[in-house]
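Enquirer:
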Amino acid sequence: MRVLVIGGGAIGAAVAMFLKRLGGASVDVQVAEPDPTLARSSSALSAGSVRQQFSNAVNVQMSSFGHQVISQADDWLAVDGQPVHVGWMDGAYLFCATEAGAPVLRRNQAVQAAAGAEVALLSPEAASRQMPWLRTDDLALAALGQGREGWLDGDAFARALGAKARSLGAVWRRARVVGFDRRGDHLAAARLDTGEAVSADAFVNAAGPWAGALGALAGLPVPVFARRRTVFALRCPTPLPPTPLVVDPAGVWFRSEGAGFIGGWSPGEGDDDPDDLPLDQPDLAQFEERLWPALAHRVPAFEALRVQRAWAGYYEVHPLDHNALIGPHPHCANFWLCNGFSGHGLQHAPAAGRGLAECLLTGRWQTLDLSAFSPQRVVSGRPFVEQAII
Ligand SMILES: Cc1cc2nc3c(=O)[nH]c(=O)nc-3n(C[C@H](O)[C@H](O)[C@H](O)COP(=O)(O)OP(=O)(O)OC[C@H]3O[C@@H](n4cnc5c(N)ncnc54)[C@H](O)[C@@H]3O)c2cc1C
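Under our numbering, read the sequence shown as residues 3 to 392, first letter to last.
Structure (structure tokens):
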């Protein structure tokens with residue numbers, strides 16, 4: 003079987019790696035990626051964090067496998083026995099809720115516990131005792147991860163997945179797909195910007211935030227949109243201990259990063275969130291307008307915060323339900339989607355890559371049932387909603 007994976011970020015690299023792990027010499031894997039530096043790729047611009055705290059069990063299970071691959075990178079990704087550095091740091095997420103959000107936290111924690119994730123529900127008093135730097139008087143509940151959470155270097159991780167895939171025989175082509183040849187209801191070949199055409203039995207859309215644009219080249223709708231998110235690197239002159247990744251009810255988040263912090267704001271329901279804003283223009287005004295007031299409220303020491311730098315990357319948003327699309331396109335059986343992770347795709351890359359490879363090679367989900375992510379649900383209008391979105 004010949005498979006062309008389009009996009010060489012974490013998702014494309016994970017798909018390629020698992021295709022070769024599972025299929026060996028029986029599968030010919032090529033990966034088209036125009037930019038070997040991954041400079042604009044979400045994988046390299048990500049906040050690189052891993053959590054168990056989702057509202058759906060299958061997302062918890064995907065993160066667990068992601069955590070396993072990341073935290074045991076030497077076992078999974080070493081090439082020729084060389085140590086693999088993905089910058090893994092054990093950490094935790096702290097979801098904070100007011101009265102309005104508390105029932106959701108309780109419900110999510112029950113789902114997480116049933117899926118094997120340990121998450122502690124803390125009263126405001128208990129949270130304040132554990133984290134005296136945190137303001138809790140306006141909170142009703144907090145959820146603190148007790149294991150398998152933390153952060154890593156997304157760029158290093160995507161590269162390590164790619165290096166492993168190549169060591170197993172996957173071939174990277176420095177090229178952009180600019181069109182497709184269709185034969186009936188199938189794709190026959192992809193056209194590259196080098197002028198070549200690559201024929202294959204299956205094509206995998208791993209183009210991240212550009213998944214919709216890639217689908218359009220094949221005349222196949224992929225409802226995934228590139229939504230810019232700005233991340234601020236911050237310094238706090240007032241000494242603070244390392245913090246978990248705190249998700250605040252005001253729609254902001256922050257966490258320790260080295261000696262400082264990183265943080266950002268995510269638009270909520272009703273906020274303007276246009277597509278395709280330029281990546282080289284992080285929204286610096288967000289710091290004063292959104293981030294600083296909320297952070298200084300939650301952590302009084304953050305009154306003294308200073309911005310060191312800021313960058314922007316694209317979330318690959320699937321607005322129907324903020325869950326991924328994994329499986330064949332509803333209108334084209336050999337165009338496979340692995341898209342729309344809506345801001346949590348780095349940690350899900352191993353599970354998504356393994357699942358897609360299993361299903362493509364054997365016709366069935368094997369280790370994890372990922373059928374809930376079927377792109378068919380877009381056509382049938384049956385969303386599979388993930389509520390714990392940051
Ligand atoms: C600011 C920010 C913070 C995030 N934080 C987290 C987090 O904490 N935890 C988490 O799990 N996830 C997080 N994410 C999301 C995560 O980074 C993405 O879900 C994940 O990296 C998606 O990987 P990908 O390989 O699909 O996309 P990408 O890494 O963007 O790779 C897609 C690749 O496709 C290539 N491509 C595009 N079009 C074509 C074409 N026509 N032909 C060939 N190649 C093409 C591009 O060059 C690109 O390299 C964050 C994202 C951002 C932007």
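We put the beta carbon where it would ideally sit given N, CA and C, even for glycine.
(1) Between Leu6, Gly11, Leu21, which has its C-alpha nearest Cys361's C-alpha?
(2) Are the CB atoms of Thr240 and Gly266 within a distance shorter than 8 angstroms?
(3) In the DSSP assignment, find the unbroken alpha helix (DSSP H) run with Ile72 in it and report its ends.
(4) Please list the terminal residues of the continuous alpha helix (DSSP H) segment that includes Ser45.
(5) Based on DSSP bridge pairs, tell me the residues matched to Phe182.
(6) DSSP three-state call for Cys340: helix, strand or coil?
(7) So, helix, strand or coil for Met91, using DSSP?
(8) Which same chain residues end up closer than 7 angstroms to Gly217 when comparing Cβ atoms and leaving out the 5 residues on each side of it in sequence?
(9) Using the rule of at least 16 other Cβ atoms within 10 Å of the residue's Cβ for burial, across every protein chain shown, is Gly260 buried or exposed?
(10) For His331, report the span of its beta strand (DSSP E) as first-last.
(11) Under the DSSP definition of a beta bridge, which residues are partnered with Gly266?
(12) Give me the Cα-Cα distance between Ala167 and Ala190, rounded to the nearest whole angstrom.
(13) What three-state label does DSSP hand Val106 in the structure shown?
(14) Just to check, is the beta-carbon of Gly345 closer than 7 angstroms to a non-hydrogen atom of ligand 1?
(15) What does a CB cutoff of less than 8 angstroms around Ala115 pick up in its chain, not counting 5 residues either side in sequence?
(16) Mind checking whether Gln389 and Val52 have CB atoms under 8 angstroms apart?
(17) Sorry if obvious, but does the Cβ on Trp212 come closer than 7 angstroms to a heavy atom of ligand 1?
(18) Could you tell me if the beta carbon of Arg414 falls within a distance shorter than 7 angstroms of some heavy atom in ligand 1?
(19) Answer with yes or no whether the minimum CB distance from Val81 to chain D is below 8 angstroms.
(20) Should Gly214 be labelled buried (16 or more other beta-carbon atoms within 10 Å of its own) or exposed?
(21) Note the first and the last residue of the continuous beta strand (DSSP E) segment covering Ile392.
(22) Who are the near neighbours of Val226 in its chain, counting only those whose CB is closer than 6 angstroms to its CB and skipping five residues on each side?
(23) According to DSSP, is Asp157 part of a helix, a strand, or is it coil?
(24) Determine the contact status of Gly10 and Trp174, defining contact as a CB-CB distance below 8 angstroms.
(25) Let me know if Ser125 comes out buried or exposed under the rule of 16 or more other beta-carbons within 10 Å of its beta-carbon.
(26) Just to check my reading of the structure: Pro246 and Arg229 have Cβ atoms closer than 8 angstroms, yes? What is that Cβ distance to the nearest angstrom?
(27) Given Pro330, which residues of its chain have a CB within under 8 angstroms of its CB, disregarding the five upstream and five downstream residues?
(28) Quick check: the stretch 68 to 84 against the stretch 28 to 44, are at least 3 beta-carbon pairs closer than 8 angstroms?
(29) Quick check on this structure: which residue in Ala298, Ser73, Gln55 has the alpha carbon closest to the alpha carbon of Ala117?
(30) Could you please give the first and the last residue of the uninterrupted beta strand (DSSP E) stretch that includes Gln310?
Expert: So, from the listed chains and residues:
(1) Per the Cα distances, Leu21.
(2) no
(3) Start and end: 59 to 73.
(4) Counting along the chain, Ser45 sits inside the alpha helix (DSSP H) bounded by residues 44 to 47.
(5) Paired residues: Ala192.
(6) strand
(7) In the displayed model, Met91 falls within a strand according to three-state DSSP.
(8) Setting aside the 5 residues that flank it on each side, Gly217 is surrounded in the same chain by Asn207, Pro223, Val224, each with a C-beta closer than 7 angstroms to its C-beta; the list follows chain order.
(9) exposed
(10) 327 to 331
(11) Val233, Trp255
(12) 24 angstroms
(13) helix
(14) yes
(15) Val121
(16) No.
(17) For Trp212, the CB falls within less than 7 angstroms of some heavy atom of ligand 1.
(18) With the chain covering only 3 through 392, there is no way to say anything about residue 414.
(19) This model lacks chain D altogether; it includes just one protein chain.
(20) Buried, because 16 or more other Cβ atoms sit within 10 Å of the Cβ of Gly214.
(21) Taken as a continuous stretch (DSSP letters only), Ile392 belongs to no beta strand (DSSP E), as it is neither H nor E.
(22) Ala213, Gly214, Glu318, His320, Asn341, Gly342
(23) Correct three-state label for Asp157: helix.
(24) yes
(25) Ser125 should be labelled exposed.
(26) Rounded to the nearest angstrom, the Cβ distance from Pro246 to Arg229 is 25 angstroms, too far for a contact under 8 angstroms.
(27) Asn336, Phe337, Trp338, Leu339, Pro377
(28) no
(29) The shortest CA-to-CA distance from Ala117 to any of Ala298, Ser73, Gln55 is the one to Gln55.
(30) 308 to 319
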